[in-house]
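**Q**
Numbering (the numbering used here), first residue to last: 93 to 145.
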């Protein structure tokens, strides 16, 4: 980036055209930028005890 480039924060990036459904799990909805994508397969993985269920 140079001085003239506009800096965009990660939270400000919008995924255009992807409809999402909130999971009502605040932390997950935050890191997934709004929830699970509608009509798409999503794999959630992690080690034992990380709250996947």
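All residues carry an ideal CB built from backbone N, CA and C; glycine is no exception.
Flag this pair as yes or no: are the beta carbons of residue 130 and residue 112 separated by less than 9 angstroms?
**A** Here residue 130 corresponds to residue number 38 of the chain shown, with the count starting at 1. Here residue 112 corresponds to residue number 20 of the chain shown, with the count starting at 1. Yes, Cβ-Cβ distance for residue 130 and residue 112 is below 9 angstroms.
**Q** Report the three-state DSSP secondary structure of residue 113 (helix, strand or coil).
**A** Residue mapping note: residue 113 aligns to position 21 of the chain shown, counting from 1. Strand.
**Q** Can you tell me where the alpha helix (DSSP H) with residue 119 in it begins and where it stops?
**A** Taking the chain shown and counting its residues from 1, the one referred to as residue 119 is at position 27. Unbroken alpha helix (DSSP H) run through residue 119: 118-123.
**Q** Just the Cα atoms here: how many angstroms apart are residue 82 and residue 139?
**A** With the chain covering 93 to 145 only, the question about residue 82 has no answer from this structure.
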